[in-house]
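Working notes, beginning with the structure itself.
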Amino acid sequence: MESTELKRLLALAVRAAQTPAGMLLDYFTDRALCVERKSDGSPVSIADREAENTIRNVLLGDPVSAGFDVLGEEFGEKDSHTRYRWLIDPIDGTRSFVNRIPLFGTIVALEDRETGKALLGVIHLPVLNRTYSAARGLGCVCNGAAVSVSRDAEPETSIIATGDIAQFISAGCEETFRQLAGACPYLRGYTDCFGHTLVLNGSVGAMIDPALNPWDAVATQVLVEEAGGTVVTRPSRAEHKRDVLFGAPELVERLVSLLRF
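When we follow my numbering, the leftmost residue of the sequence shown carries the number 24, and every step to the right adds one.
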């Protein structure tokens, strides 16, 4: 895909990720918001569904991405097997959202299914008003300013972020968490896409996030790599999911060896 087209698609993805922000902020402060439970026990609300519909309408209404498939967390996919596919997580961190913790975000990504690569990714944090975006060969920015991963290399001195312990349990890798806790004194639970953005701007050296769905992980792949970092993935023991380790290249290399990731 040519860079000119990629830039247009990135601009579209940024617009799509930002469009539902006002509505999400209204729901975020609504103490009467009704919260349901999915079959896996995770929370979902009308805000998730309305935000995904809004994002879909933006993406599908622009001729630059005419005919692309769309896979979203809430409404799945009508798969026509096109080469390019949008992935949407309207509220990444719904558990934070419904508990009025302001560290949730909206994720939009585009993947090339022929090559298996992420082409672009966007994470928008509505409460913090930060938008992280990247596309292949175009670098990674936050609100237009370039960002990059840290140069940390030592697990003993670096801040390492993780997802919730429940994710390690569902992925059958509790031992990995124990190894991290034993080897990394500055292990912190910065969950969901908020934790991912801390890696992008170098605040956190690396993050391990197990049992991710595709809409959780594809954007991060290109965002981290365009910010100068390394991403390592493996099939998760949780069905149809993947475990992801990413961050500063030397630090990730040492963590891979330490954890046999």
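We put the beta carbon where it would ideally sit given N, CA and C, even for glycine.
Taking residue i as part of the alpha helix (DSSP H), name the residues at either end of that continuous run.
| i | result |
| --- | --- |
| Ile78 | Ile69 to Leu83 |
| Ala44 | Ala44 to Phe51 |
| His219 | Asp215 to Leu223 |
| Arg201 | Glu197 to Ala206 |
| Asp239 | Pro237 to Glu249 |
| Val170 | Taken as a continuous stretch (DSSP letters only), Val170 belongs to no alpha helix (DSSP H), as it is neither H nor E. |
| Thr27 | Ser26 to Gln41 |
| Ala176 | Segment: none, Ala176 is in no alpha helix (DSSP H) and carries neither H nor E. |
| Ala189 | Ile188 to Ser193 |
Thinking just about the alpha-carbon of each residue, which of the options is nearest to the one in residue i?
| i | options | result |
| --- | --- | --- |
| Ser173 | Ile182, Cys165 and Gly167 | Ile182 |
| Leu56 | Asp63, Val279 and Leu47 | Leu47 |
| Lys85 | Arg31, Phe191, Arg153 and Val247 | Looking at the sequence provided, one finds Asp at residue 85 rather than Lys. Taking only the C-alpha atoms, the option nearest Asp85 is Arg31. |
| Ala261 | Ile111, Ala39, Ser193 and Ala168 | Ser193 |
| Ile188 | Asp175, Ala176, Leu203 and Thr180 | Leu203 |
| Val87 | Tyr50, Asp135, Ala157 and Leu33 | Leu33 |
| Ala234 | Tyr209, Cys196, Glu25 and Arg79 | Cys196 |
| Glu137 | Ala176, Asn80, Arg106 and Ala242 | Arg106 |
| Val222 | Val170, Arg153, Leu133 and His263 | Val170 |
| Leu143 | Ala39, Ala242, Arg257 and Ala271 | Ala242 |
| Ala158 | His263, Leu246, Glu73 and His147 | Leu246 |
| Thr214 | Ile111, Arg265 and Gly116 | Gly116 |
| Glu73 | Lys101, Met24, Ser65 and Ile111 | Ile111 |
| Glu273 | Gln244, Gly228 and Ala206 | Gly228 |
| Asn12 | Thr180, Gly162 and Tyr209 | With the chain covering 24 to 284 only, the question about residue 12 has no answer from this structure. |
| Cys207 | Thr180, Arg118, Ile231 and Glu96 | Thr180 |
| Gln41 | Val275, Phe191, Val58 and Asn166 | Asn166 |
| Asp92 | Phe98, Val81 and His104 | His104 |
| Gly99 | Asp71, Arg123 and Pro125 | Asp71 |
| Pro125 | Ala132, Arg153 and Asp102 | Arg153 |
| Ser65 | Glu96, Leu29 and Arg118 | Arg118 |
Identify the continuous beta strand (DSSP E) that holds residue i and give its terminal residues.
| i | result |
| --- | --- |
| Tyr155 | Arg153 to Ala158 |
| Leu268 | Arg265 to Gly270 |
| Pro258 | Thr253 to Pro258 |
| Glu59 | Val58 to Arg60 |
| Ala287 | In the structure as shown, the chain begins at 24 and stops at 284. Residue 287 is therefore absent and cannot be evaluated. |
Less than 8 Å between the CB atoms is what I'm expecting for residue i and residue j, so what's the real figure, rounded?
| i | j | result |
| --- | --- | --- |
| Pro178 | Leu281 | 6 Å |
| Pro237 | Leu94 | 7 Å |
| Phe51 | Phe120 | 6 Å |
| Val255 | Phe284 | 6 Å |
| Ile130 | Asp53 | About 22 Å; that fails the 8 Å criterion. |
| Phe191 | Met230 | Actually they do not touch by this definition, with Cβ atoms about 13 Å apart. |
| Lys26 | Gly186 | Checking the displayed sequence, the identity of residue 26 turns out to be Ser instead of Lys. Not confirmed; about 34 Å, so no contact. |
Would you please verify whether the beta carbon of residue i is less than 7 Å from any beta carbon of chain C?
| i | result |
| --- | --- |
| Ala271 | Note that chain C does not occur in the displayed structure, where there is just one protein chain. |
Taking all protein chains shown into account, do 16 or more other C-beta atoms lie within 10 angstroms of the C-beta of residue i, making it buried, or fewer, making it exposed?
| i | result |
| --- | --- |
| Gly252 | buried |
| Arg108 | buried |
| Ser156 | buried |
| Ala89 | exposed |
| Pro113 | buried |
| Leu151 | exposed |
| Asp175 | buried |
| His219 | buried |
| Ala168 | exposed |
| Glu75 | buried |
| Asp266 | buried |
| Ile78 | buried |
| Gly45 | exposed |
| His147 | buried |
| Gly205 | exposed |
| Lys18 | Beyond the ends of the chain as shown, which are 24 and 284, falls residue 18; an answer cannot be given. |
| Asp63 | exposed |
| Glu248 | buried |
| Glu96 | buried |
| Arg60 | exposed |
Handout entry: Contiguous beta strand (DSSP E) assignments of at least 3 residues, all confined to the region 94-150
Key = 107-115, 128-135 and 140-148
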